[in-house]
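Order-wise, the sequence lines are chains A and H. My numbering puts the first sequence at residues 1 to 409. My numbering puts the second sequence at residues 1 to 354. What follows is one structure encoded as structure tokens, with my remarks underneath.
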Amino acid sequence: MGRVTGRLKVDGRLKHLLVAHYRDAYLARRLRRPLAWVSSGAPVELLHAMGIFPVYPENYAAVCASRRMAVELAEAAEAAGYSPDLCSYARTSIGSMLAQRGPLNGLPLPAPDLLFAASNICGVVVKWWEVAARHFRVPLFILDVPFLAERLTPHQVEYVRRQLEEAVAFFGRHAGRRLSSRSLSRVLRLSAEAVRLWNEVQLMRRAVPSPISALDTFTNLFPMVTLRGTRACVGYLRGLHREVAGRVARGEGPVREERYRLVWDNIAIWYAFGFMRYFTERGASFVGETYTWAWGEYEFGPDDLRDPLGSLATQYSRVILNVDLGQRLDRLLRMVEGQRADGVVFHSCRSCKTYSLGQLTLAREVQSRLGVPTLVLEADMADARAWAEQSARTRVDAFLELLEGRRKG
Amino acid sequence: MGRDAFRQALADACPPREGAIGYVCTYTPEELILAAGLHPVRLFPPGGPTGPADAYLQSFCCSFARGCLDAALRGRWDGLAGVVFPYTCDSLRAVSELWRCHLPTRHHLFLNLPVRVEGIAALAYAAREFERFRQWLEMVAGATVGTDALHAAVRLVGAVRERLAGSSLLGREFLEVAMGAQVMDRFTAAELLEGLAPKTPPPRPGVGVLLAGGALEDPAILDVFEEAGAGVVGDDLCVGSRYAVLGAAWGDSPPGGPVVALARAYLERVPCPTRHPPERRLQHLLARIAQRQARGVVFLLQKFCDSHAFDLPYLRSELSLRGIPSLLLEVEQGALARGQALTRLEAFLEIIGS
């Protein structure tokens, strides 16, 4: 039996990073630093290398959801004619723009000087960023990253690479910044180091008991998403790495008696962390999430520095939401086997069609190929209005009973 | 003959002929399919409740995309030699993936079209994808797609589009003919359309409204407009007039060759909301309203269609600024909630008719 441990010590530093990030965002204009709104799948390394401050409306929407403010902001967007069937991150963000309020000292996300979104996570961000461009009347650059069906073709890579060259010129034109190859190399090295550390932390979860669970990784994802390519991110991840390695050495984990090891598919349910704790209370550890692992997919090696834009084009084409079902299944099977998981929980998220449509096939394939049971839970990442926690808990109980039966059998 | 032939083509599950290539989106260059000696068939799901597809797609997938997979799983399109899915939206991309995983259609292609429709990089990329499509068609047909055949196909499809664009048919009749033309043999469609042109335009019925939106399953959805006393005087629907608007016409030696010229024509067409940048769409909509002298616009939104839903607040506010009233009706499983739609339409017509 492993020793139980509470929250990670680095969480305190995480809070500091989050506060500092948003404080810097609100100060950017005063410090004459151009500020860009960036989608989570966009190559942020370019912005860091050009001295442009990136903020993430998706992360901001997650913050709104975790502070129980997403619903009222979404309702503001709906009152302006945005369908309640649209992505709840988008509705939260648009509602915050329109109502001019938010959870951080009551403020909305600071207005951007320019907008940058990549189509590699969904078509929604393209439309959402168009809405923002009309609202703020600022320039918008859409990086079009074609779907990776079966294999990445040279003309796909060339298309994305040419757009990255255009993006550099666009940022130069609208933010008055230039790209030096030296600073891009520095940022890519920092990004690669962050990815290496993040992936090692994820692989340490293979230990029994798993040293951390989904709550820890969903929370600790913030630096990987928003600060990737900075020294602050690497510094933070070194601390996380040290602490998790220490837990493994001491046989510690968040679950009193680790009876079940699970994998989570899709975004977190940001307003229902109590529900995630319910798994922990019932002896279930999450040993991997396809969502948090996705930020470990940008692996820049020394060779990539010779052609950084080509490398960015390739890496950002391979993100989990931009690849076909076969490739998603391969990644999932590898995670289940590699992390020694005995069940998979699919969050069927009504806001995120790219992530969720196809999950029912993935669930069947995981069951039939590995004999691993799966659970599909209907929810939404930010909009709590349709969430029924009690019935979700009942389904979790039934699922864990099934796993228990298999343990005994 | 005449309109009945179009209606019949639409009702047939799949043309009983070899070499039928199914597609779901008007960004598919059907000229290339014809040039390969194959037959392009736009796939319109029948509407109504779905069954087999519900095991693969959650409830928040739009019923048009779900209906496509459902009809395929029920065997409606078993006779297809192949199916092509151009990149349209997240839901249809998922349907393409599920079709490839779960259906035995012999040939399947995801035509990886760009989201961006402006700029040299997008054109170069789209032309390469069109070229890849040409090679795939050659493999399916076992024949070469020659330049002469492509020119002939461009002329043929151009004639169909031109005759549809110039048609004075309105409302359900126009939609039946337009949708039927996208299913039937294109030579027959071109000939029948020539014969359909009435000598004098029909009288304008009711209070004139323009319909705008994306894909629809069944032209019968327009019956409720007639019932409410609305005259559908035109549309900006991807299954209707937007199919007819494509500037694919060039001389014998277009710069870059015919495939590049075709790619350019598709990128330069009026963008649907899945393409970026979106500005030309509003201009096109305003032009259609003016050209058809519509008094108001009714947006038909497939429930759960993200691309169209995001544009609606902007489009409606731009129309409102110009004094053009608009109404939004949601479509699900190929139909409107009849009673509610009728009441709302009648109220809308009262406003725009006064």
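For each residue, glycine too, the CB sits at the ideal point set by N, CA and C.
| Item | Value |
| --- | --- |
| Which of helix, strand or coil DSSP assigns to Val244(A) | helix |
| Selection from Pro29(H), Ser326(H), Ala178(H) and Val331(H) that minimises the alpha carbon distance to Ala153(H) | Pro29(H) |
| Integer-rounded CB distance, given that Ile52(A) should sit under 8 Å from Ser177(A) | According to the sequence displayed, residue 177(A) carries Arg and not Ser. Correct: roughly 6 Å between the Cβ atoms. |
| Reduced DSSP secondary structure (H/G/I, E/B, other) of Ile320(A) | helix |
| Nearest to Gly166(H) (by Cα), restricted to the options Ala190(H), His276(H) and Gln58(H) | Ala190(H) |
| Sequence-distant residues of the same chain with beta carbon closer than 8 Å to Leu342(H), five excluded per side | Val224, Glu227 and Ala228 |
| Own chain partners of Ala384(A) with C-beta closer than 8 Å, once the 5 adjacent residues on each side are dropped | Ala65, Arg68, Ala70, Val71, Tyr271 and Ala272 |
| Chain A residues whose Cβ lies nearer than 7 Å to that of Thr274(H) | Gly123 |
| Identified DSSP bridge partners for Gln302(H) | Val331(H) |
| Contact the segment 278-285 of chain H vs the segment 305-324 of chain H: 3+ CB pairs below 8 Å | yes |
| Cβ of His155(A) within 8 Å of any chain H Cβ | yes |
| Three-way DSSP call (helix, strand, coil) for Thr374(A) in this model | strand |
| Within chain H, the residues that Ile142(A) reaches when beta carbons sit closer than 9 Å | Val115, Arg116, His276 and Pro277 |
| Neighbourhood of Thr349(A) by C-beta distance below 7 Å, restricted to the same chain and skipping five residues each side | The amino acid occupying residue 349(A) in the given sequence is Cys; Thr does not appear at that position. Asn266, Ile267, Tyr355, Ser356, Ala379, Asp380 and Met381, listed in sequence order. |
| Under 9 Å by beta carbon: chain A residues contacting Glu138(H) | Simply none; closest approach about 18 Å. |
| Selected residue, minimal CA-CA separation from Ala337(H), among Ser354(H), Leu301(H) and Phe310(H) | Leu301(H) |
| Arg42(H) (DSSP reduced to helix, strand or coil) | strand |
| Touching by the beta-carbon criterion (3+ pairs, under 8 Å), the segment 108-117 of chain A and the segment 150-157 of chain A | no |
| Glu337(A) - containing alpha helix (DSSP H), residue span | Leu325 to Gly338 |
| Contact set between the segment 293-316 of chain H and chain A, restricted to residues whose Cβ is under 8 Å from the partner | Leu301, Lys303, Phe304, Asp306, Ser307, Ala309, Phe310, Asp311, Leu312, Pro313, Tyr314 and Arg316 |
| Rounded straight-line distance, which links the Cα of Gln340(H) to that of Gly206(H) | 20 Å |
| Selected residue, minimal CA-CA separation from Asp307(A), among Gly235(A), Arg282(A) and Leu164(A) | Leu164(A) |
| Pair within 8 Å by beta-carbon distance, Glu297(A) and Arg318(A) | yes |
| Where Gly180(H) sits in the DSSP three-state scheme | helix |
| Reduced DSSP category for Leu109(A) - H, G, I as helix; E, B as strand; rest coil | coil |
| Listed by chain order, chain H residues near Pro308(A) by CB distance under 7 Å | Near Pro308(A) there are no residues of chain H at all, since even the closest Cβ is about 18 Å away, more than 7 Å. |
| C-alpha distance - Val145(H) paired with Arg264(H), whole-angstrom precision | 19 Å |
| Boundaries of the alpha helix (DSSP H) in which Ala55(H) is found, first to last residue | Segment: none, Ala55(H) is in no alpha helix (DSSP H) and carries neither H nor E. |
| At least three beta-carbon pairs within less than 8 Å, the segment 209-218 of chain H to the segment 126-141 of chain H | no |
| Same chain only: Cβ atoms within 8 Å of Ala74(A), ignoring 5 sequence neighbours per side | Pro84, Ser88, Arg91, Thr92, Gly95, Ala382 and Asp383 |
| Buried versus exposed call for Lys9(A) [16 or more other C-beta atoms within 10 Å across all chains shown] | exposed |
| Within chain A, partners of Glu18(H) - CB distance below 9 Å | Chain A residues near Glu18(H): none, gap ~27 Å exceeds 9 Å. |
| Chain A contact residues for Leu57(H), given Cβ-Cβ distances below 7 Å | Leu357 |
| Identity of the residues DSSP links to Tyr260(A) by a beta bridge | Ala284(A) |
| C-beta neighbour in chain D for Gln163(A), strict 8 Å | You won't find chain D in this structure, because its protein chains are A and H. |
| Residues that DSSP places opposite Ala212(H) in a beta bridge | Asp236(H) and Phe299(H) |
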